[in-house]
Structures are given as C-alpha cells and as structure tokens.
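*Asks:*
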Amino acid sequence: MTEFYACKGRLCKACFKIRIAKYYLANREKILARTRDPEFKKKARELHAYKMLNDPKYKARYSAKRKRFRDKNKDELRAYNLAYIKKNTASRKEKKRAKRLTAEYKLKEREYVIKQRENFTDIYVRQQLAKRSTLKVADIPQSLVEVKRLQLKIRRLANEKR
Amino acid sequence: MKSVNTLRHELAEIFDDLRNGTIKTKEAGELANVAGKMINSAKVQLEYYALRKEVPTLKFLGDDKLNGDS
Chain A
9 MTEFYACKGR LCKACFKIRI AKYYLANREK ILARTRDPEF KKKARELHAY KMLNDPKYKA
69 RYSAKRKRFR DKNKDELRAY NLAYIKKNTA SRKEKKRAKR LTAEYKLKER EYVIKQRENF
129 TDIYVRQQLA KRSTLKVADI PQSLVEVKRL QLKIRRLANE KR
Chain B
386 MKSVNTLRHE LAEIFDDLRN GTIKTKEAGE LANVAGKMIN SAKVQLEYYA LRKEVPTLKF
446 LGDDKLNGDS
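These protein sequence lines map, in sequence, to chains A and B.
What the first sequence shows, in this note's numbering, is residues 9 to 170, in sequence order.
What the second sequence shows, in this note's numbering, is residues 386 to 455, in sequence order.
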C-alpha cells in the first residue's frame, strides 16, 4: 500500500480498483446502457477531441496507449488491414465496372461527348489535336487550340452548307 | 502568314465570310484544309520537342507558353 490517490478519500490504488469493479458488477446494465447511448458517445468523442487539442498530458498518454496497442497487436492489425484493402478495392473496382455497364451511365457519357463536340470545348479540341500523336493533351499550347477550333468550325459549317 | 495569331485572324474572317455567304463553301473548305496542314506541321514540331524533352521554341507559335495561358 504505497500508492494512494490524493483525491479519492485516501484509498490505495488496489482498493480503489476493487471498489470500481464492485460498482461495475452491481450496475453493469445501467453502465452499458449509458455508454451505448448515442448522445453519450457523441459527448465522449467531443471531450476526447477537446482534450487531444488542449491537454498535452492526455495527448501523450493516449498516444502511448495507442502505440502500446499497435506494438502488441502488430501482426493482427497488419492482417486485418490487408484483408480490408483486398476486400474493399475489389468491391470498389467491381462497383465501378458495373456502373459503367449501366445504360444510364452510357447515355450520360454519350450526352457529355455530344455536348463537348457541339460546343468545341478546349478539351475536345485538344483531344482532336492529340489524336494519333505522341503529344499529351496538356502539352498543346492554347494558341494552337484556338486556331484548331476555328478550323474545325469552318470545316463543319462548310460541310453543313454543302 | 508568319504566326499563329495571323492565321487565327484569317480563319476568323473566313468563318464570318462563310456564314454571310460571301465565300463559296468549297473555297472555305480548301482554306480550312490548308490551315489544318499548317496546324499539323506545328504539331509535328511540338512532338519533336516533346520527344527530345526540350522546351519548344517555335516562331510560329509566338510567345505562347505551353499550356500556361489555358
């Protein structure tokens, strides 16, 4: 009995822990119900965030605790993370592929392309210039884009009038 | 026609003339075709510089910085 809490009625640490454990066993359901309450969880999160910002001692203690946990469960965490990445990247890719196959997506894509072509947008003209070439879209100067836009406009108008 | 700006002005005039009907469609088409050739030659020069990983210095393009004014 060498260690005492200064503010807990001069109880030694071991006695205080026993008292807490007894209280927990007697009021387990009540405590669990309280901690499961979303409002309680929200308040706890806010308090944690506040302490992390304003209490350096709390922050250091929390960081040390997290580090201890990471070091203790290194392999399990690694396996869990790898499994999570594998599962979610695969599902993400599948979702994307499935989305691209939908008629709605194809229609939207088609509409987008038509809009680009009708308005002679920069990206459309740049794509026309970069077609069948090693040039990247970003490598084309804007002045060349302006000239190409005019040329395309003339060609289209001439074809319409013919 | 020494620079891209001159070419642009010329093409703008041709476009207006074509819309107003003061120039024949065939003639406008041919002029647009010639402009296309000039644009393509500038493009080939740009490709050359890009492949050599050099900064292009083309008189035809004037003082335009690459993609800087886009």
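In this text, a Cβ means the ideal position worked out from N, Cα and C, and glycines have one as well.
(1) For N405 (chain B) versus G447 (chain B), is the C-beta distance shorter than 8 Å?
(2) Quick one: which chain B residues come within Cβ less than 9 Å of A68 (chain A)?
(3) Excluding the 5 residues flanking G453 (chain B) on each side, which residues of the same chain have their C-beta closer than 7 Å to its C-beta?
(4) Over the uninterrupted alpha helix (DSSP H) stretch that includes I26 (chain A), give me the two end residues.
(5) Using three-state DSSP, classify A57 (chain A) as helix, strand or coil.
(6) Using a Cβ-Cβ cutoff of less than 8 Å, which residues in the same chain neighbour S388 (chain B) once the five nearest sequence positions on both sides are dropped?
(7) Using the Cα positions of R140 (chain A) and Y92 (chain A), report the straight-line distance between them to the nearest angstrom.
(8) Just how far apart, CA to CA, sit A413 (chain B) and K103 (chain A)?
(9) Look up P46 (chain A) in the DSSP assignment and say whether it is helix, strand or coil.
(10) Rounded to a whole number of angstroms, what is the C-alpha to C-alpha distance between S151 (chain A) and A166 (chain A)?
(11) Counting only beta-carbon atoms, is V440 (chain B) nearer than 8 Å to chain A?
(12) Measuring CB to CB, does R155 (chain A) end up less than 8 Å from R393 (chain B)?
(13) Span of the alpha helix (DSSP H) holding V440 (chain B)?
(14) G414 (chain B) CB to nearest chain A CB: under 8 Å?
(15) Between which two residues does the alpha helix (DSSP H) holding I93 (chain A) run?
(16) Is L416 (chain B) helix, strand or coil by DSSP?
(17) Assign D454 (chain B) to one of three DSSP states: helix, strand, or coil.
(18) Using a Cβ cut-off of 8 Å (strictly closer), state whether E102 (chain A) contacts chain B.
*Replies:* By the coordinates alone:
(1) Within the second sequence, the letter at position 20 stands for residue 405 (chain B). Within the second sequence, the letter at position 62 stands for residue 447 (chain B). For the 8 Å CB-CB criterion, N405 (chain B) and G447 (chain B) do not form a contact.
(2) For the purposes of this step, residue 68 (chain A) is taken as the residue at position 60 of the first sequence. Chain B residues near A68 (chain A): none, gap ~49 Å exceeds 9 Å.
(3) In the second sequence, counting from the first residue as 1, residue 453 (chain B) sits at position 68. Any reading at G453 (chain B) is ruled out, since the residue's pLDDT is 41, under 50, leaving its predicted position unreliable.
(4) For the purposes of this step, residue 26 (chain A) is identified with residue 18 of the first sequence, where counting begins at 1. First-last of the alpha helix (DSSP H) with I26 (chain A): 21 to 34.
(5) In the first sequence, counting from the first residue as 1, residue 57 (chain A) sits at position 49. Note: A57 (chain A) maps to helix in three-state DSSP.
(6) In the second sequence, counting from the first residue as 1, residue 388 (chain B) sits at position 3. Excluding five sequence positions before and after S388 (chain B), the CB atoms of its chain that fall closer than 8 Å to its own CB belong to K444, F445, L446, G447, given in chain order.
(7) Here residue 140 (chain A) is taken as the residue at index 132 of the first sequence, counted from 1. Here residue 92 (chain A) is taken as the residue at index 84 of the first sequence, counted from 1. R140 (chain A) and Y92 (chain A): Cα-Cα distance of roughly 41 Å.
(8) In the second sequence, the residue the question calls residue 413 (chain B) occupies position 28. In the first sequence, the residue the question calls residue 103 (chain A) occupies position 95. Taking the Cα positions, A413 (chain B) is about 49 Å away from K103 (chain A).
(9) By one-based count along the first sequence, residue 46 (chain A) stands at place 38. Reduced to three states, the DSSP call for P46 (chain A) is helix.
(10) Here residue 151 (chain A) refers to the residue found at position 143 when the first sequence is read from its first residue. Here residue 166 (chain A) refers to the residue found at position 158 when the first sequence is read from its first residue. Here the alpha carbons of A166 (chain A) and S151 (chain A) stand approximately 23 Å from one another.
(11) Residue mapping note: residue 440 (chain B) aligns to position 55 of the second sequence, counting from 1. The C-beta of V440 (chain B) comes no closer than 8 Å to any C-beta of chain A.
(12) Here the question's residue 155 (chain A) lines up with position 147 in the first sequence. Here the question's residue 393 (chain B) lines up with position 8 in the second sequence. Looking at the sequence shown, residue 155 (chain A) is not Arg but Val. Yes, the Cβ-Cβ distance between V155 (chain A) and R393 (chain B) is below 8 Å.
(13) The sequence position of residue 440 (chain B) within the second sequence is 55, counting from 1. In the DSSP assignment, V440 (chain B) falls outside any alpha helix (DSSP H) and carries neither an H nor an E.
(14) Reading the second sequence from its first residue, position 29 is the one you call residue 414 (chain B). For G414 (chain B), a Cβ of chain A is located within less than 8 Å of the residue's own Cβ.
(15) Walking along the first sequence from the start, residue 93 (chain A) turns up at place 85. That run of the alpha helix (DSSP H) goes 82 to 109.
(16) In the second sequence, residue 416 (chain B) corresponds to position 31, counting from 1. Residue state for L416 (chain B) is assigned as helix, using DSSP reduced to three classes.
(17) Numbered from 1 along the second sequence, position 69 holds the residue referred to as residue 454 (chain B). Any reading at D454 (chain B) must be qualified, since the residue scores a pLDDT of 42, below 50, and its modelled position is unreliable; the value itself is stated next. Here D454 (chain B) sits in coil by DSSP.
(18) If you number the first sequence from 1, residue 102 (chain A) lands on position 94. At a cut-off of 8 Å between C-beta atoms, E102 (chain A) does not count as an interface residue with respect to chain B.
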